[in-house]
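In the numbering used here, the protein residues as written are 74 to 179.
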């Protein structure tokens, strides 16, 4: 039990350190990869819920399926929102209607 706790704490520390070092431009592809892994979790929950005859195990598998599906859908919504933020090129309010100059003093 203590060994498992130590491994969990070390994995959480290493994961936090690695994710905080990722540049902002790589967060979107990283989230897409995490969504793919969550999709595998959905398949695993389907298999776990369908392979048992015990009603409690079926309900636990169904709960895992619901939570994993929420995770996948939420991840794709956040990824889509991040991609839209990268795609928008809006003019700043100060530059709207301002005369264009070529950088020389008059």
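All residues carry an ideal CB built from backbone N, CA and C; glycine is no exception.
What separation, rounded to the nearest whole angstrom, lies between the Cα atoms of residue i and residue j?
| i | j | result |
| --- | --- | --- |
| residue 75 | residue 109 | 31 Å |
| residue 114 | residue 138 | 8 Å |
| residue 90 | residue 83 | 11 Å |
| residue 125 | residue 134 | 9 Å |
| residue 151 | residue 160 | 14 Å |
| residue 95 | residue 136 | 32 Å |
| residue 93 | residue 99 | 11 Å |
| residue 97 | residue 130 | 41 Å |
| residue 103 | residue 149 | 12 Å |
| residue 107 | residue 147 | 11 Å |
| residue 123 | residue 77 | 29 Å |
Short check: CB of residue i to CB of residue j, under 7 Å?
| i | j | result |
| --- | --- | --- |
| residue 184 | residue 118 | Since the displayed the chain opens at 74 and closes at 179, residue 184 lies outside it and no answer follows. |
| residue 101 | residue 158 | no |
| residue 145 | residue 105 | no |
Should residue i be labelled buried (16 or more other beta-carbon atoms within 10 Å of its own) or exposed?
| i | result |
| --- | --- |
| residue 88 | exposed |
| residue 164 | Residue confidence is low: residue 164 scores 49 on pLDDT, short of 50, so the model does not pin down where it sits. Its coordinate-derived value is still stated next. Its Cβ having fewer than 16 others within 10 Å, residue 164 is exposed. |
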